[in-house]
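See structure below.
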């Protein structure tokens, strides 16, 4: 049985699908809407088991992707943040005809640190997972603080992300645990060469979760991809720098959809 997902849709034009990160929901993208909806139809989705999309038994990466594909039928530019970047990349690998362009934000094809690969230490994920069983709200808040650490706008970014958490119903505990499992066990690096659509990776120089050196490593694997690094941002550049982020995104979308870009520029 197909799980019904909650979508927030706004704007007109070509389609863009936004996928949030771990512990969050579709409200996280609200800062971008004023910059995008004049020319694009923006679809912000709550992942299975998150926000208004719960409850769900779509806990594996494969199940999540299948659920998204069953709930969306139009070709679109897919934008995924953190865990959502893994999901969007997997969509692009499984259904490339549905992905006109891929944008991954503060994401990595392999989140976990490994010899020769920069990433999050296993102990960090295990600690968050242990805390999750004891204190859901506290764990999510600590993860939020971890994401914004080191930026000039950290206090405002943390306050905004905390508001996002309470804007929708809390995610299922099982979905949160499954998300940590996906972050800790997924490795998409061997398949990245299969991506044929334009791909933009966006990173924050101050990111404590996805080290910026991942950008160089991914560039070696997929040299035809594009990259943008926000110097004064951490794990959520679209929150700390929404206008600059939107301009980068719109420029990339114009490359993916040149006919549409020329139309709206006239």
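Residue numbers (my numbering): 23 to 288.
For glycine and all other residues, C-beta sits at the position ideal for the given N, C-alpha and C.
As DSSP reads the structure, residue 124 sits in a beta bridge with 100 and 221. Scanning its chain for C-beta atoms nearer than 7 Å, with the 5 sequence neighbours on each side dropped, one finds no residue around residue 138.
Separation of residue 226 and residue 143 (C-alpha to C-alpha, rounded to the nearest whole angstrom) is 18 Å. Under the three-state reduction of DSSP, residue 34 is assigned to coil, being neither helix nor strand. As for any beta strand (DSSP E) of minimum length 3 sitting wholly inside the segment 52 to 103, the runs are 62 to 67 and 98 to 103, ordered along the chain.
For residue 228, the secondary structure class from DSSP, reduced to helix, strand or coil, is coil.
Taking 4 residues as the shortest admissible run, the segment 242 to 283 contains the following complete alpha helix (DSSP H) segments, listed from N- to C-terminal end: 259 to 262 and 264 to 278.
For the 8 Å CB-CB criterion, residue 66 and residue 44 do not form a contact.
Just so you know, the alpha carbons of residue 31 and residue 271 end up roughly 18 Å apart. In the three-state reduction of the DSSP assignment, residue 199 falls in the helix class, which pools H, G and I. Assignment of residue 144 by DSSP, reduced to helix, strand and coil, places it in the helix class. Residue 108 places its beta carbon less than 8 Å from that of residue 129.
With a cutoff of 8 Å on beta-carbon distance, residue 173 and residue 228 are scored as near each other.
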